[in-house]
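Working notes, structure below.
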Amino acid sequence: QQPVQSPQAVILREGEDAVINCSSSKALYSVHWYRQKHGEAPVFLMILLKGGEQKGHEKISASFNEKKQQSSLYLTASQLSYSGTYFCGTEGYAGGTSYGKLTFGQGTILTVHP
Amino acid sequence: EAGVTQSPTHLIKTRGQQATLRCSPISGHTSVYWYQQALGLGLQFLLWYDEGEERNRGNFPPRFSGRQFPNYSSELNVNALELEDSALYLCASSWKATNEKLFFGSGTQLSVL
C-alpha cells in the first residue's frame, strides 16, 4: 500500500524551513527519501532503518518513528537548489509481501523562490 | 563510473503493439527495479529482479513482464499496449537486494497512440 505524503506542495522563500511527512498503514523496516528535479531521474537523499534514527545530509535531515510508521524530512535554510519533488519510499519486513518492494508516496512538490 | 543506462530514450507505439525497454545497471549491482511514472501518479513499483530471478512485482497486469540476464541487465516487455501505458519508465539498480539506495536511470518515455 502506497505511503501518504503531506503536504502535497510547499512554496518557500530562500532561507525558510519546511517539513515533509510520510505515513504508512503497514509495519515498516525502512524509509527512503529521494528528490526528483523536473525532467531528471530521482536522486537518493537518505535511508532510515527501524530504530528511530535521525540522519542528516547537508541541511536536510530526516527522522523515522517505527512505532507510528511515520517519517519526516526536514529542510532547513532552504536554497533554490532544493526545488523539486520529494518522494518517500517504504519497505516492509523480510518475509512479507512488501519486502524488497520499495513503494513510493505520491510526492511533495517543493518550490523555493529567491 | 557509468550510471544506470536505459534505452531507448523515447518510444512511440500504437495501441495493441508490444514495447521492449532495456536497462543496464551500474557495474557490480545485481538488483534491478522497474517503476512506472505516469503524469501526476508518482512512482509506481512494477518489478524487482535480483540475481536473475523475479523477486517481487507490483499491481500490474501480466502483460507487463520482464527478465534479468546473466550480466544483470534487464528488459521490460509490455504486451498489448493500451493508451494508459503512456508514461516514463524508470529503471533503478542497487548493489544488494534490499535496504540500499537506488540509482535511477533517466528513463524511457513511452507514448502509446
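Protein sequences appear in the order of chains A and B.
The numbering of the first sequence is my numbering, which starts it at 652 and goes up by one.
The numbering of the second sequence is my numbering, which starts it at 9 and goes up by one.
Ideal Cβ placement from N, Cα and C applies to all residues, glycine included.
Keep in mind that this is a model prediction, so the values were computed, not measured.
Scanning its chain for C-beta atoms nearer than 7 Å, with the 5 sequence neighbours on each side dropped, one finds around Thr13/B the residues Ser32 and Gly113, in chain order. Assignment of Tyr680/A by DSSP, reduced to helix, strand and coil, places it in the coil class. In the structure shown, Glu742/A falls within a strand segment according to DSSP collapsed to helix, strand and coil. Comparing alpha carbon positions, the residue from Gly48/B, Glu59/B and Lys21/B closest to Ser81/B is Glu59/B. Only residues of its own chain outside the window of five on either side were considered, and among them Pro693, Gly735 and Thr736 have a CB closer than 6 Å to the CB of Gln687/A, listed in chain order. Within 10 angstroms of the beta-carbon of Leu98/B lie 16 or more other beta-carbons, which makes it buried.
Here DSSP, grouped into helix, strand and coil, assigns Ser732/A to helix. Approximately 14 Å separates the beta-carbon atoms of Leu118/B and Glu83/B; this is outside 8 Å, ruling out the contact. At least 8 Å separates the CB of Lys104/B from every CB of chain A. Pro78/B has its alpha-carbon roughly 15 Å from the corresponding atom of Arg63/B. The residues Val86, Asn87 and Ala88, in chain order, have a CB closer than 8 Å to that of Arg71/B in the same chain once the five nearest residues on each side in sequence are set aside.
With 16 or more neighbouring CB atoms inside 10 Å of its own CB, Leu699/A falls in the buried class. Trp103/B is positioned such that its CB atom lies no closer than 8 Å to that of Gly74/B.
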